[in-house]
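Accompanying notes for the structure given below.
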Amino acid sequence: MTTPLLSVRDLVVEFPSRRGTLRALDGVSFDIAPGEVLGMVGESGAGKSITGAAIIGLIEPPGRIAGGEVWLDGTRIDTLAPEAMRRVRGKRIGMVFQDPLTSLNPLYTIARQLTETIRTHLDLSEKDARLRAVALLDRVGIPAAARRIDDYPHHFSGGMRQRVVIALALAAEPELVIADEPTTALDVSVQAQIIDLLKEICAERGAAVMLITHDMGVIAETADRVAVLYAGRMAELGPVRDVILHAHHPYTRGLMGSIPTLDHAADRLVQIPGAMPRLDAIPQGCAFNPRCTQAIARCRVERPALRPVAPNHAAACWLADDAEPAHG
Amino acid sequence: MAEPFLTVSGLTRRFDVSKPWLNRVLEREDRQFLTAAADVSFAIEKGETFALVGESGSGKSTIAKMIVGLLTPSAGRIAIEGQAIDPNDPATMRVLRRRMQMIFQDPFASLNPRWRVGDIIAEPIRTLGLMSGSDIAPEVARLLGLVGLSAKDADKFPHEFSGGQRQRIAIARALSSRPDFIVCDEPTSALDVSVQAQILNLMRDLQDEFGLTYLLISHDLSVVRHMSKRIGVLYLGRLVEVADAKRLFHEPQHPYTRMLLDAVPDLALSGRRRKQVSGEIPNPISPPAGCAFHPRCPQVMPACKTGVPVLHATATGMAACILAGPPFAQTP
Numbered sequence: 007m008t009t010p011l012l013s014v015r016d017l018v019v020e021f022p023s024r025r026g027t028l029r030a031l032d033g034v035s036f037d038i039a040p041g042e043v044l045g046m047v048g049e050s051g052a053g054k055s056i057t058g059a060a061i062i063g064l065i066e067p068p069g070r071i072a073g074g075e076v077w078l079d080g081t082r083i084d085t086l087a088p089e090a091m092r093r094v095r096g097k098r099i100g101m102v103f104q105d106p107l108t109s110l111n112p113l114y115t116i117a118r119q120l121t122e123t124i125r126t127h128l129d130l131s132e133k134d135a136r137l138r139a140v141a142l143l144d145r146v147g148i149p150a151a152a153r154r155i156d157d158y159p160h161h162f163s164g165g166m167r168q169r170v171v172i173a174l175a176l177a178a179e180p181e182l183v184i185a186d187e188p189t190t191a192l193d194v195s196v197q198a199q200i201i202d203l204l205k206e207i208c209a210e211r212g213a214a215v216m217l218i219t220h221d222m223g224v225i226a227e228t229a230d231r232v233a234v235l236y237a238g239r240m241a242e243l244g245p246v247r248d249v250i251l252h253a254h255h256p257y258t259r260g261l262m263g264s265i266p267t268l269d270h271a272a273d274r275l276v277q278i279p280g281a282m283p284r285l286d287a288i289p290q291g292c293a294f295n296p297r298c299t300q301a302i303a304r305c306r307v308e309r310p311a312l313r314p315v316a317p318n319h320a321a322a323c324w325l326a327d328d329a330e331p332a333h334g
Numbered sequence: 292m293a294e295p296f297l298t299v300s301g302l303t304r305r306f307d308v309s310k311p312w313l314n315r316v317l318e319r320e321d322r323q324f325l326t327a328a329a330d331v332s333f334a335i336e337k338g339e340t341f342a343l344v345g346e347s348g349s350g351k352s353t354i355a356k357m358i359v360g361l362l363t364p365s366a367g368r369i370a371i372e373g374q375a376i377d378p379n380d381p382a383t384m385r386v387l388r389r390r391m392q393m394i395f396q397d398p399f400a401s402l403n404p405r406w407r408v409g410d411i412i413a414e415p416i417r418t419l420g421l422m423s424g425s426d427i428a429p430e431v432a433r434l435l436g437l438v439g440l441s442a443k444d445a446d447k448f449p450h451e452f453s454g455g456q457r458q459r460i461a462i463a464r465a466l467s468s469r470p471d472f473i474v475c476d477e478p479t480s481a482l483d484v485s486v487q488a489q490i491l492n493l494m495r496d497l498q499d500e501f502g503l504t505y506l507l508i509s510h511d512l513s514v515v516r517h518m519s520k521r522i523g524v525l526y527l528g529r530l531v532e533v534a535d536a537k538r539l540f541h542e543p544q545h546p547y548t549r550m551l552l553d554a555v556p557d558l559a560l561s562g563r564r565r566k567q568v569s570g571e572i573p574n575p576i577s578p579p580a581g582c583a584f585h586p587r588c589p590q591v592m593p594a595c596k597t598g599v600p601v602l603h604a605t606a607t608g609m610a611a612c613i614l615a616g617p618p619f620a621q622t623p
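Heads up: the protein sequence lines correspond to chains A and B, in order. Each residue of the first sequence is one higher than the last, beginning at 7 in my numbering. Each residue of the second sequence is one higher than the last, beginning at 292 in my numbering.
Next up, the structure:
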């Protein structure tokens, strides 16, 4: 296997609170290969966004990385000084957030924001930076880019704004793009456009993508591999097809069954009883055990580690083993 | 056929979005109006779930608010079992209010954080004077049981509950006046999928038990497909297609419906190739002339740019498109 571009090892993120320390992320490990699209899926509070924020060093204090390592192409980045980390962010790791309005400065023109980013990371003259910015906007599908570059963010529609944000994330040719719910604030018909664009443009530039979303449909269409998070822990990790069609973790199976589909109308949806535990009340053993219909005694006392169940496919469940189910 | 439960005809709502008078004079601008709903007509049978789908700005919520009387229509008529809803007639509104309730999208905003859950649920009972004091507590306990919560929860405050549980409280409140019609405005879009499944299943069980009629408002086609019997598709305030749920998904008649279906991600990994969807919803203050969808339509014809198509019968239901049947009622 090629050396991973990003390697996250046993990452632990903690938030001190009045009632003790809350563990938002507990021993999460995964790799992203160069050019790969890794989907990160989970319900609210599962730790998806925290994982992204931890990688780029943007955990809000008093939260902190309490353990583990993050490596980017052979360099350890979780221990970098803030100044050095800032050069990694934007240059080597680009970011696309959920709400394009909050990631663009409403007081600056698009031109200023783009050229500023380009010139911070690349050694270009003002004029060349502007040319590059226009080319980028053109690439992300902004009509009449040379004219519209002098507009302010509020002149653009939601979908167009998210295109600008993608241009901004890719301005310095990063090796990795972290996209945190990039389409959640958009209408369905625009969502598909943005996902296609993100996928296409990253493939074209050889950038790897970590796609954080709660929408399994988006993952199914975009990602090569998918990581399923539950209560700050990795429940399952594997190729998208295997995880969707042959999930080994009962949580993943429940999650898939609870999504209504267009193709066949079931009378009732599969429902997982209960809700995800709060961070201050994560049960002993497997975090999913109180909601799991197949839980055995061992699940209530001992926490299962992520272990291989099939080629490139791992699940953290005592009942998952490599013998079943068969792979198609 | 018996009379439909709810009949909506020619429903229109315009909002005045003009600048202040002085600006209009100085900048020589006219008044501006936003037509949130234009000439919307549909009917819902008793006990069925009718869904309205559309993207943001399509007028879904405006229509819902007019039906429950939170907004006054600019034109058109809404009637429940033949009795017209008129927000200016307090006596009939009082009777109708008991019969229809609403569930809102955000259970964090729709429950008063300073009230106990028991008071929240009992409010419709008290306001409408449906029961006397000592009967209320057991009734609240019964309602909490119906939605899968426990009677003890009546003493708690909303912040002690998760999003899914709060939506259950909102449903219990909606049921407390024993309505026969509930308008559900994006009831699950603020919830996680596993919790969404719980709420959708609960809504179905309650419908079976009490014979409820639902108007479901949603932007999520999969939810709509799962829940409803008939579907109306809205685009920029106009109904573009109304059809039986199954047939709408198999044989969409309007190009916009087809586009919406193509935009749904393929979870089954069947390899269904999605068509690229182009453009975004235009500004509703100055919608395109003719068919509002024509700038995005892959099958646009010259006639679409001038005449507004009206709903007419098709093989599967009704659609407002020149391609799906006879041409426009009004030509320029």
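Ideal Cβ placement from N, Cα and C applies to all residues, glycine included.
Residue range 319-321 is occupied by the beta strand (DSSP E) that includes H319(A). Each residue's CA atom was taken as its position, placing T123(A) and D37(A) some 28 Å apart. The alpha-carbon of D16(A) is positioned some 15 Å away from that of A59(A). In terms of CA proximity to H450(B), V408(B) leads the group K310(B), V408(B), R464(B). Shown here, R305(B) sits in a strand according to DSSP, grouped into three states. At a beta-carbon threshold of 8 Å, the residues of chain A lying near G455(B) are A281, ordered along the chain. Here the alpha carbon of V249(A) sits roughly 17 Å from the alpha carbon of K54(A). DSSP, read as helix, strand or coil, puts S35(A) in strand.
I572(B) has a beta carbon lying within less than 9 Å of a beta carbon in chain A. DSSP assignment within the region 335-401 of chain B yields the following whole beta strand (DSSP E) runs of 3 residues or more, N-terminal first: 340-344, 366-371, 391-394. Between the region 343-353 of chain B and the region 507-527 of chain B there are three or more C-beta pairs closer than 8 Å, enough to call the two in contact.
Counting other Cβ atoms within 10 Å of its Cβ, H541(B) stays below 16 and is therefore classed as exposed. Shown here, F501(B) sits in a helix according to DSSP, grouped into three states.
If you draw a straight line from the Cα of K596(B) to the Cα of Q104(A), it comes to about 35 Å. Taking a beta-carbon distance threshold of 9 Å, M422(B) does not count as an interface residue toward chain A.
Separation of V514(B) and Q487(B) (C-alpha to C-alpha, rounded to the nearest whole angstrom) is 9 Å. Only H510, L512, S513, V514, R516, H517 from the region 507-524 of chain B bring a Cβ to less than 7 Å from some Cβ of chain A. Chain B places no beta carbon closer than 9 Å to that of M216(A), leaving this residue out of the contacts. By the neighbour-count criterion, in which a residue is buried when 16 or more other Cβ atoms sit within 10 angstroms of its Cβ, Y505(B) is buried. A173(A) has its alpha-carbon roughly 22 Å from the corresponding atom of L78(A). With distances taken between CA atoms, L512(B) lies nearest to P556(B) out of A481(B), D471(B), F472(B), P556(B). Residue E414(B) holds the alpha-carbon nearest to the alpha-carbon of R388(B) among A594(B), E414(B), S453(B), V533(B). The residues D37, I38, A39, in chain order, have a CB closer than 7 Å to that of P10(A) in the same chain once the five nearest residues on each side in sequence are set aside.
Contact of A327(B) with chain A is not assigned, every C-beta pair being separated by 9 Å or more.
Residue pairing by DSSP places F333(B) opposite V299(B) in a beta bridge.
Contact between the region 294-307 of chain A and the region 264-284 of chain A is present: three or more C-beta pairs spanning the two stretches fall below 8 Å. Contact annotation for T121(A) against chain B: no contact, minimum CB-CB distance about 26 Å [criterion: below 9 Å]. Going by beta carbons, A342(B) and M550(B) fall outside the 9 Å limit.
Classified as exposed, Y114(A) has fewer than 16 neighbouring CB atoms from the shown chains inside 10 Å of its CB.
Listed along chain A, no residue sits closer than 8 Å to Q498(B) by beta-carbon distance, the nearest being about 12 Å off.
Annotated as distal: V484(B) and H255(A), with beta-carbon spacing of 9 Å or more. The CB of Q277(A) comes closer than 8 Å to the CB of S485, A488, Q489, N492 in chain B, given here in chain order. The Cβ atoms of A534(B) and A610(B) lie closer than 9 Å to each other. Under a 10 Å Cβ-count criterion, E20(A) is classified as buried, with 16 or more other Cβ atoms of the shown protein chains found around its own Cβ. P579(B) has its alpha-carbon roughly 15 Å from the corresponding atom of A328(B). Closest in C-alpha terms to C305(A), from the list T27(A), A316(A), A326(A), comes A326(A).
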